[in-house]
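So the structure is just underneath, and the comments pick up after that.
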Amino acid sequence: LKAMNLQRRIGTLMHAIGDHKRFAMAVATYDVPRIRQLVRIALSQSASPKEIVRRIELAMAGLKKTCSYEENDFDLGLLCLQLGGPKLVYALQHAGASPALSTIRKHAVKCNVVISVGRPKALDIQQNLKTFWGSRLTGVGQMSGHSLLMDEINLEERGRYLSSSNIIVGLCREHGHTVNPSVTSIETVQAVAKAIQEGHCHLGKEATVCAIGRFAKDNYNISPVLLSPTCKTETAEDSRIWIQSILHQWKTFPDGELKWGPIWSVASDGDATRQKAFHLLLMDKSLRLGEPLWDELGALQLMNLQTGPDNVTMDFDFKHIFKRFATQIRSPDGTMLAMTVITRDTIAKELSRLEGLSATEIAALIDPADHQNVPKAVRLLQRISEVTTLPTIGLSPTELKIRKAICILGTLLEAVISPFVVPTWNLSQQLESLALASHLALYGMYKHGTAFISGQLYHDLQCMIKNAFFCVAKQRLLNPAEGFYFCQLGDDRLEGRFGTVRTLTHDRNVDALQLAEASICRASRKDF
1 LKAMNLQRRI
11 GTLMHAIGDH
21 KRFAMAVATY
31 DVPRIRQLVR
41 IALSQSASPK
51 EIVRRIELAM
61 AGLKKTCSYE
71 ENDFDLGLLC
81 LQLGGPKLVY
91 ALQHAGASPA
101 LSTIRKHAVK
111 CNVVISVGRP
121 KALDIQQNLK
131 TFWGSRLTGV
141 GQMSGHSLLM
151 DEINLEERGR
161 YLSSSNIIVG
171 LCREHGHTVN
181 PSVTSIETVQ
191 AVAKAIQEGH
201 CHLGKEATVC
211 AIGRFAKDNY
221 NISPVLLSPT
231 CKTETAEDSR
241 IWIQSILHQW
251 KTFPDGELKW
261 GPIWSVASDG
271 DATRQKAFHL
281 LLMDKSLRLG
291 EPLWDELGAL
301 QLMNLQTGPD
311 NVTMDFDFKH
321 IFKRFATQIR
331 SPDGTMLAMT
341 VITRDTIAKE
351 LSRLEGLSAT
361 EIAALIDPAD
371 HQNVPKAVRL
381 LQRISEVTTL
391 PTIGLSPTEL
401 KIRKAICILG
411 TLLEAVISPF
421 VVPTWNLSQQ
431 LESLALASHL
441 ALYGMYKHGT
451 AFISGQLYHD
461 LQCMIKNAFF
471 CVAKQRLLNP
481 AEGFYFCQLG
491 DDRLEGRFGT
501 VRTLTHDRNV
511 DALQLAEASI
521 CRASRKDF
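The sequence shown begins at 1 in UniProt numbering and counts up one residue at a time.
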């Protein structure tokens, strides 16, 4: 009897082992969508290995679907919706890899960018700060410096109905206050249309986008704080008012400086009206003896110590400066250094002496038509700097004079671009290089004025260099153990956001409402 019982127990165990082997083979053999969720549900229901294998086989035959989703599934589904649209979500749903579109939207966290209608209001800025900075989870408690980035993106000139606020969006901020954007009746809509037709109000041809991003090793993605359509008739004084409002709201709002840290700089691309607004706001006081920043920067000779409120400084994007240097060199007038006019033909002749550079490549580098190509601009500036390594033996006195001027220009250009394109440099090397560029630019401007470079380019270059020194000094005061990264200067992070926005629709440009929705997508995607 004992032997029979033992034999029966052995048979039962062998049967159980067989079921486990079949389960292992099923997992290894079948590519079952969401198998982890299927097994988890089966175990919670105390299903046997045999039952689990049966469910796996049913799932493979398309007769069973597992609809138990977790937070990560909804996040991934929302990311797919933002990147690929509803059709991608539909395909993934039928492949068993994503929840349904309605389920994703039901569980998605609603975060709305407030589009400013008329002049930007403090309430608009506060709402965006609360939405994007109040709900942030990454980097909480890590105080750091920040940059306020601002730039314009082209808009499709059309009004859109914003159902959540029952208003018309897309009207320019300069004249939007002259009409009633609320959709209360057909007459109010007709009144807005009439104002647009008569020229009293306009549809925004561009949108000013302002965003704030951290200076940090990680979690440095930017979040929008202002979206405002414009007809490009705004004065510098009007710009100063809303820029100052953003700085004030960040300083006083609970989800701003008190939680994350101060704004150190305001960055843009060099728009003329923006430059004047920056001067009105960010050059109104000077560092005083006894201030902590004075101890860091006061001893630097020729350093401009004018700043704005809370010692905020202006910044201009380094990539735009690279492009404008290349444009100046490619222009018919060229540039002047050491009493020598340097034209693109002169540059081409000197570049032809470099090894490994063909005539076709030289012609492409000095072609003035492609003035928006940043990589090509950087290559041109780097190639000019390489002329300084060429021998001077055998050159005539005239050629020696030209070579001397080009070597000065090459040294300046190398000092400007190297801190941003040489990843092995430390912070001291970067600052020394920018200091050299600043002094060489001062020499060229003092000797030749705007025959050297335009006043706007000189202004933006010196402001960029000044801001770099100020930001490094502020980082030393805030937390000297943390690094500072030059690639986060300027407004390039905002330009990258614009590049992604343009790929989200098949239109030539987005309208104001599409831009707001795209800003939501980018902010959410960065959090993922």
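Using N, Cα and C, we set each Cβ at its ideal position, and we do this for glycine too.
Check: Residue span of the beta strand (DSSP E) that contains F316, given as start and end; Outcome: 313-316
Check: Three-state class that DSSP yields for K121 in the structure shown; Outcome: coil
Check: Cβ separation of E156 and V510, assumed to be a contact under 8 Å, to the nearest whole Å; Outcome: 6 Å
Check: Assigned exposure category for residue 530 - 16 Cβ within 10 Å defines buried; Outcome: The requested residue 530 is not part of the displayed model; the chain covers only 1 to 528.
Check: Where R9 falls, given that 16 or more other Cβ within 10 Å makes a residue buried; Outcome: exposed
Check: Same chain, Cβ closer than 7 Å to S182, five either side skipped, listed in chain order; Outcome: N166, I167, T188
Check: Residues bridged to residue 529 [DSSP beta-bridge criterion]; Outcome: Residue numbering for the chain in the displayed model covers 1 to 528; residue 529 lies beyond these limits and cannot be assessed.
Check: Contact under 9 Å by Cβ, E237 with E174; Outcome: no
Check: Where V374 falls: helix, strand or coil (DSSP); Outcome: helix
Check: The region 321-335 in contact with the region 386-400 per 3-pair CB rule at 8 Å; Outcome: no
Check: Whole-Å CB distance - Y220 paired with Q475, under 8 Å assumed; Outcome: No, Y220 and Q475 are not in contact; Cβ-Cβ is about 13 Å, not under 8 Å.
Check: Outcome for N426 when other beta-carbon atoms lying within 10 angstroms are tallied against a minimum of 16; Outcome: exposed
Check: Chain-order list of residues whose beta-carbon lies under 7 Å from that of V341 (same chain, five-residue window excluded); Outcome: G334
Check: Sequence-distant residues of its chain with Cβ nearer than 7 Å to F528 (five each side left out); Outcome: Confidence at F528 is low in this model, with a pLDDT of 46, below 50, so the placement of that residue is unreliable and no value is reported for it.
Check: Cβ-based burial, R508 [other Cβ within 10 Å; buried from 16]; Outcome: exposed
Check: Uninterrupted beta strand (DSSP E) stretches inside the region 239-295 (no shorter than 3 residues); Outcome: 263-268
Check: For I321 and C463, the rounded distance between their alpha carbons; Outcome: 11 Å
Check: Beta-carbon contacts of F484 that lie in its chain and below 7 Å, excluding the five residues immediately before and after; Outcome: F215, L427, C471, V472, Q475
Check: H177 burial status per 10 Å Cβ neighbour count (16 or more: buried); Outcome: exposed
Check: Alpha helix (DSSP H) segment containing Y446, residue limits; Outcome: 427-448
Check: Among W242, E482, S44, the one whose alpha carbon lies nearest that of L281; Outcome: W242
Check: C-beta atoms of L302 and W294 nearer than 9 Å; Outcome: no
Check: Q430 versus D124 - alpha carbon distance; Outcome: 39 Å
Check: Same chain only: Cβ atoms within 7 Å of P120, ignoring 5 sequence neighbours per side; Outcome: R173, L226, S228, W242, S245
Check: Neighbourhood of F420 by C-beta, 6 Å cutoff - its chain only, sequence neighbours within 5 removed; Outcome: F318, F486
Check: Delimiting residues of the beta strand (DSSP E) encompassing S228; Outcome: 223-230
Check: L351 beta carbon less than 9 Å from that of I366; Outcome: yes
Check: Which listed residue (T184, I222, Q126) has its alpha carbon closest to that of S147; Outcome: I222
Check: C-alpha gap between R40 and P254, whole angstroms; Outcome: 43 Å
Check: Buried or exposed by the 16-neighbour rule on C-beta atoms within 10 Å, applied to T313; Outcome: buried
Check: Same chain only: Cβ atoms within 8 Å of A16, ignoring 5 sequence neighbours per side; Outcome: P49
Check: G449 to L477 span [Cα, whole Å]; Outcome: 37 Å
Check: Expected contact under 8 Å - CB spacing of V209 and I263 to nearest Å; Outcome: Actually they do not touch by this definition, with Cβ atoms about 16 Å apart.
Check: Beta-carbon spacing of F325, A377 below 9 Å; Outcome: yes
Check: L203, DSSP secondary structure in three states; Outcome: strand
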